[in-house]
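Per this note's numbering, the sequence shown starts with residue 121, numbered consecutively. We put the beta carbon where it would ideally sit given N, CA and C, even for glycine.
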Amino acid sequence: MTVREGSLEAPTRHPLDWLNPQFYDESAALTEMERVFDICHGCRRCVSLCNAFPTLFDLVDESSTGEVDGVNKADYWKVVDQCYLCDVCYLTKCPYVPPHPWNLDFPHLMLRGKAIQFKQGSPTRFRDVQLASTDRNGKLAGIPVVVKIVNSVSKNETVRGLLDEHLGVHKDAWLPDFSAEPFRKNIAPSKPHSVRDGQRTPGKVAIFSTCYVNYNEPGIGHDLVKVLDHNEIPFVIAEKEACCGMPKLELGDLEGVKALKEINIPMLAKLARAGYAILAPIPSCGLMFKQELPLMFPDDADVQAVRAAMFDPFEYLVARSKDSLLKTDFQASLGNVSYHIACHLRVQNVGQKTREVLQMIPDTQVNTVERCSGHAGTWGVKSEYHEVAMKIGRPVFRQIGDHPKGEMDWFASDCQLAGHHIEQGLQAAGRETEGKLAHPITLLRIAYGLA
Ligand code: SF4
Ligand code: SF4
């Protein structure tokens, strides 16, 4: 059979076959890895995306045959460990994704490997499970007395050394502070604006606050509320909220993902069916509802209803602008803004909506950087990966710091964790960052002149 180089049809993605017992069959998974790795070895387009592909190609090049058949299958797990499921290889590079007959889905094959590892139990399982329990950590660390201790202890060099040695959290990796006042407990209620539906946008919003915004940086959530209120969009907060499940997915804990889905989806589906646009201010959480849960539960009507109602905040605001319902009464310019588009937003295939909104602000020059920062959720803080995470981010740090119009006034990423990782990279390169990092929704609030 002749197999053409790329596919002419739009890429599709097959559901994740995780309920099939074969999914967890190690030998079947290794056979599939051998098939896929062989195609990748012949292609090598993804060599610069992350450390998974260089790890694979080094194994091949150093093998006795110089081919995939010369690589010890036990070493395949080294490739799995380097993948943090950003999805960029699938959605932006690979010509062999379905409907191409080679049917390649590199990230979901890596996810299968992680799920097998998780079931079997890995030496780092304790650390990995702790880091992925974002909701529980936030609840515990946010207790008023505890929060001060946790925040100061996480900056103590001796403690960080011990954490590095015994728990596998790299001593130099940036860790977020916890807030004593979670977003969901302190949110100002919506004003009684009337609902104005547009052609493309529901006129009322439900906020899925996300663990990070709720427990770590509630200011981002308050800024989102201010922007909605300024645009006279009434909002509610999703009534019961658990972690979206992305950290557990990245660990291969698919039963853990299912347990969280069973908390979130019923109430989010109710909101979707009641005509709300659901906004999640962290791209990974939005991606979970837009893509990963629908692929894990393709026949679940509630999951599909939530998928259809879920928006990235800037995707919503651009659609609102197209509906002629977004205010552009900006009071402040932002100057030179370096903006990093997060991988988990890129792969949502919605275009560069954050950039589009920031560019509406007068006297604002946006320098857009479209490349992986290397942080990747909890992956970049682990002792064994942090240095690689900094290395992957280096081109991003440079491009963010070198705004083509001169001195950078602000830098931002849709993913605030990536923003802090970039800040760490800029500081390591001796760049001045004091007061310059802000989430894009905060920049929009500033441009509107809202206190
Ligand atoms: S999903 Fe991302 S991290 Fe994983 S192999 Fe593809 S590009 Fe690399
Ligand atoms: S994932 Fe696709 S594009 Fe990337 S190296 Fe493999 S075959 Fe090539």
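Residue from the options with nearest C-alpha to residue i
i           : options               : result
residue 470 : 358, 493, 505 and 406 : 406
residue 317 : 223, 167 and 446      : 446
residue 146 : 169, 194 and 173      : 194
residue 430 : 397, 277 and 421      : 397
residue 401 : 362, 361, 332 and 421 : 332
residue 345 : 307, 371 and 334      : 307
residue 313 : 169, 354, 452 and 474 : 354
residue 570 : 450, 422, 135 and 417 : 450
residue 506 : 552, 201 and 212      : 201
residue 420 : 393, 442, 178 and 385 : 385
residue 320 : 395, 375 and 335      : 395
residue 410 : 222, 427, 178 and 329 : 427
residue 531 : 512, 552 and 548      : 552
residue 173 : 140, 214, 413 and 223 : 214
residue 337 : 561, 567 and 566      : 561
residue 154 : 192, 164 and 422      : 192
residue 370 : 335, 360 and 413      : 413
residue 458 : 517, 492, 495 and 437 : 517
residue 433 : 305, 554 and 340      : 340
residue 241 : 372, 135 and 566      : 372
residue 422 : 440, 452, 436 and 382 : 382
residue 439 : 523, 399 and 460      : 399
residue 235 : 368, 442 and 554      : 368
DSSP beta-bridge partners of residue i
i           : result
residue 464 : Bridge partners of residue 464: none, in fact.
residue 430 : 398
residue 415 : According to DSSP, which records beta bridges pairwise, residue 415 is partnered with nothing at all.
residue 532 : 459
residue 330 : Residue 330 pairs with nothing; no bridge assigned.
residue 484 : 455
residue 355 : 325
residue 289 : 502
residue 489 : 460
residue 557 : 531
Heavy atom of ligand 3 within 7 angstroms of residue i beta-carbon
i           : result
residue 179 : By its list of ligands, the structure shown excludes ligand 3, since it contains just ligand 1 and ligand 2.
Anticipated Cβ contact below 8 angstroms, residue i with residue j, distance rounded
i           : j           : result
residue 237 : residue 197 : 7 angstroms
residue 545 : residue 557 : In fact, because the Cβ distance is near 12 angstroms, the residues do not count as touching under 8 angstroms.
residue 486 : residue 519 : The Cβ separation is near 13 angstroms, so there is no contact.
residue 483 : residue 455 : 7 angstroms
residue 541 : residue 294 : 6 angstroms
residue 462 : residue 515 : The pair is not a contact, with the Cβ atoms about 15 angstroms apart (cut-off 8 angstroms).
residue 512 : residue 170 : 6 angstroms
residue 416 : residue 222 : Incorrect: roughly 23 angstroms between the Cβ atoms, too far for contact.
residue 563 : residue 478 : 7 angstroms
residue 342 : residue 303 : 7 angstroms
residue 284 : residue 291 : 4 angstroms
residue 452 : residue 379 : Residue 452 to residue 379, Cβ: 44 angstroms. No contact.
residue 509 : residue 494 : 4 angstroms
residue 425 : residue 475 : About 29 angstroms separates the two Cβ atoms, so there is no contact after all.
Inter-stretch contact (C-beta, 8 angstroms, three-pair minimum) for the segment 530 to 544 and the segment 183 to 191 = no
Does the count of Cβ pairs from the segment 198 to 208 and the segment 225 to 243 closer than 8 angstroms reach three?
-> Contact check between the segment 198 to 208 and the segment 225 to 243: three or more CB pairs, one atom from each, fall below 8 angstroms, which counts as touching.
Are three or more beta carbon pairs between the segment 376 to 389 and the segment 343 to 350 nearer than 8 angstroms?
-> no
Validate contact between the segment 324 to 342 and the segment 354 to 371 using beta carbons, cut 8 angstroms, 3 pairs = Judged by Cβ distances under 8 angstroms, the segment 324 to 342 makes contact with the segment 354 to 371, as three or more pairs qualify.
Report yes or no: do the segment 155 to 164 and the segment 176 to 183 share at least 3 C-beta pairs separated by less than 8 angstroms?
-> yes
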